[in-house]
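Structure first, then comments.
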Amino acid sequence: MTSLATVQHRLLSDADGAPVEVINPAGTACVVLACEHASNLVPVSLQNLGLPSEVRESHVAWDPGAREVAVGLSQKLDAPLVAARISRLVYDCNRPPDSAAAMPAKSEIFDIPGNSGLSDSERALRIQEVYEPFQHRLSGMIDERFVKHPTCLVTIHSFTPVYFAKKREVELGVLHDDDTRLADMMLKLASELTPLRTGRNQPYGPQDGVTHTLKLHGLSRGIPNVMIEIRNDLLKTPEAIKTMTETLARLITQATDSLKVAEGY
Ligand SMILES: [Zn+2]
53 MTSLATVQHR LLSDADGAPV EVINPAGTAC VVLACEHASN LVPVSLQNLG
103 LPSEVRESHV AWDPGAREVA VGLSQKLDAP LVAARISRLV YDCNRPPDSA
153 AAMPAKSEIF DIPGNSGLSD SERALRIQEV YEPFQHRLSG MIDERFVKHP
203 TCLVTIHSFT PVYFAKKREV ELGVLHDDDT RLADMMLKLA SELTPLRTGR
253 NQPYGPQDGV THTLKLHGLS RGIPNVMIEI RNDLLKTPEA IKTMTETLAR
303 LITQATDSLK VAEGY
């Protein structure tokens, strides 16, 4: 039986479930998928971070549509997917613990009351219960496969069409850090295979701190890696999500196949 004192020192309860989910762990593709912003779930203990429901349901709290695309890709490619189950406002798994954006007191134009004036112990609890389990599962999944055969890392995100009142024209972002192999191949193929307005390191880039997962799990192992950003107005219906998933599955399959030929991958 858990004592009350223990309960008070935990962030997640049984009602919240696990902080990370792994889908299709035995998938045979040479790709491991990650989705850091898959969920807008806020643990019961944080009382919705003091936010109204329209903010909790908006892009501020998660990447709408990204999990559905990632799950679809996991099925189509037969690839394992590691997805966060907790909102990025609680802890943004694509940021290191020393980043101000990991537990932001403000996101875009919204104040996040439940993140204001966090103590060191409150921060440590979020790192322990959200960030570390996610990184541990993703690391384990890549290592387990990498010893058997070449492996690439692909992370799936969505972005809002309007940010700080400015409209974004790009529809598909292909992001990379120092290792450009997979991104270069995907950008080349996207220009040939899709009508989508595709941009390199758009709408963000490494200078915005968005390549944490790529650096931590891709660059550190020398495996090809890429971050995909989809404009979320292209993910509004199940049909639109299916179409985008099919497009990305083709791009990822052809890009990883080409890399295998080009680099012995
Ligand atoms: Zn994201």
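Numbering (my numbering), first residue to last: 53 to 317.
Using N, Cα and C, we set each Cβ at its ideal position, and we do this for glycine too.
This one's a predicted model, so the numbers in the text were calculated from it and none came from an experiment.
Residue of the options minimising C-alpha distance to residue i
{"i": "F162", "options": "P148, E106, A122, A135", "result": "E106"}
{"i": "K128", "options": "D66, L85, P156", "result": "L85"}
{"i": "L190", "options": "P132, L224, L64, H61", "result": "P132"}
{"i": "V262", "options": "F211, R137, H201, C82", "result": "F211"}
{"i": "K200", "options": "A78, L63, A70, D66", "result": "A78"}
{"i": "Q17", "options": "A157, P148, D195, A153", "result": "This structure cannot settle anything about residue 17, because the visible part of the chain is limited to 53 through 317."}
{"i": "E73", "options": "I138, A81, L101", "result": "I138"}
{"i": "R140", "options": "S151, M155, D150", "result": "M155"}
{"i": "I15", "options": "D130, H61, S110", "result": "Outside the modelled stretch of the chain, which goes from 53 to 317, sits residue 15, for which no answer is possible."}
{"i": "K219", "options": "M237, T207, T308, N284", "result": "N284"}
{"i": "P165", "options": "N100, E109, G69", "result": "N100"}
{"i": "D231", "options": "P255, F198, T265", "result": "T265"}
{"i": "E120", "options": "N167, H89, A314", "result": "H89"}
{"i": "A292", "options": "G124, A81, W114, C87", "result": "G124"}
{"i": "N146", "options": "R108, A301, K294, M279", "result": "M279"}
{"i": "T80", "options": "A314, T305, S310, E315", "result": "T305"}
{"i": "P255", "options": "V134, P116, P276, L227", "result": "L227"}
{"i": "Y143", "options": "L64, I194, Y215", "result": "L64"}
{"i": "D260", "options": "A152, L177, G192", "result": "A152"}
{"i": "E223", "options": "L234, D229, L239, R233", "result": "L239"}
{"i": "S310", "options": "L103, D236, K158", "result": "D236"}
Helix, strand or coil at residue i according to DSSP, with G and I counted as helix
{"i": "Y143", "result": "coil"}
{"i": "Y183", "result": "helix"}
{"i": "L227", "result": "strand"}
{"i": "R178", "result": "helix"}
{"i": "E196", "result": "helix"}
{"i": "S159", "result": "strand"}
{"i": "R189", "result": "helix"}
Endpoints, the alpha helix (DSSP H) within which residue i is located
{"i": "R302", "result": "290-315"}
{"i": "E244", "result": "233-245"}
N-terminal and C-terminal residue of the beta strand (DSSP E) that residue i is part of
{"i": "L205", "result": "204-211"}
{"i": "R283", "result": "277-283"}
{"i": "T250", "result": "250-252"}
{"i": "V262", "result": "Element bounds for V262: n/a, residue is neither H nor E."}
{"i": "E221", "result": "Per DSSP, E221 belongs to no beta strand (DSSP E) and is neither H nor E."}
{"i": "I164", "result": "Careful: I164 lies outside any beta strand (DSSP E) and carries neither H nor E."}
Residue i burial status per 10 Å Cβ neighbour count (16 or more: buried)
{"i": "S243", "result": "exposed"}
{"i": "L241", "result": "buried"}
{"i": "F186", "result": "buried"}
{"i": "T289", "result": "exposed"}
{"i": "E298", "result": "exposed"}
{"i": "G169", "result": "exposed"}
{"i": "A96", "result": "In the sequence as displayed, the identity of residue 96 is Val instead of Ala. V96 comes out exposed."}
{"i": "S173", "result": "exposed"}
{"i": "A217", "result": "exposed"}
{"i": "L300", "result": "buried"}
{"i": "T207", "result": "buried"}
{"i": "L205", "result": "buried"}
{"i": "A135", "result": "buried"}
Self-check item: Completely contained beta strand (DSSP E) runs for the segment 86-151, where each covers 3 or more residues
Solution: Correct list: 133-136.
Practice problem: May I have a chain-ordered list of the beta strand (DSSP E) segments no shorter than 3 residues that lie completely inside the segment 61-89? | Solution: Listed in chain order, the complete beta strand (DSSP E) runs (minimum 3 residues) inside the segment 61-89 are 72-75, 83-87.
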